[in-house]
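Below: the structure, in structure tokens.
In structure tokens:
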């Protein structure tokens, strides 16, 4: 999310990531939901983990481990694509 007033830029970034959805999902190791969220400033890339919730206190350690694992995999899958986006948006002379 690039902040208030950046709705169009956010959608362009989301579209660029969407072009690489299959590769991102391959690197992630599972399918992901690419959600545009019409009428909202941001878009979302997510996976729903159906392991329980805040009322399943006895399962919290298992849920937390699954969430941590998913976030690590998502970060690794997205990182090269985000780097490419940053590189494309840089002006000559910037590093």
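Residue numbers (UniProt numbering): 1 to 95.
Every residue gets a Cβ at the ideal spot worked out from N, C-alpha and C, and that includes glycine.
Is it the case that the Cβ atoms of residue 35 and residue 44 are separated by a distance below 9 Å? yes
Is the beta carbon of residue 28 less than 9 Å from the beta carbon of residue 74? yes
Can you give, in chain order, each stretch of the alpha helix (DSSP H) that sits fully within the UniProt domain "DUF4268" (5 to 81) and has at least 4 residues? 7 to 19, 21 to 28
Determine the direct distance from the alpha carbon of residue 70 to that of residue 13, and round the result to whole angstroms. 22 Å
Specify the secondary structure class of residue 2 as computed by DSSP and reduced to three states. In the structure shown, residue 2 sits in coil (DSSP, three-state: anything other than H, G, I, E or B).
Close-in-space but distant-in-sequence residues of the same chain around residue 62 (CB under 7 Å, 5 per side omitted): 51
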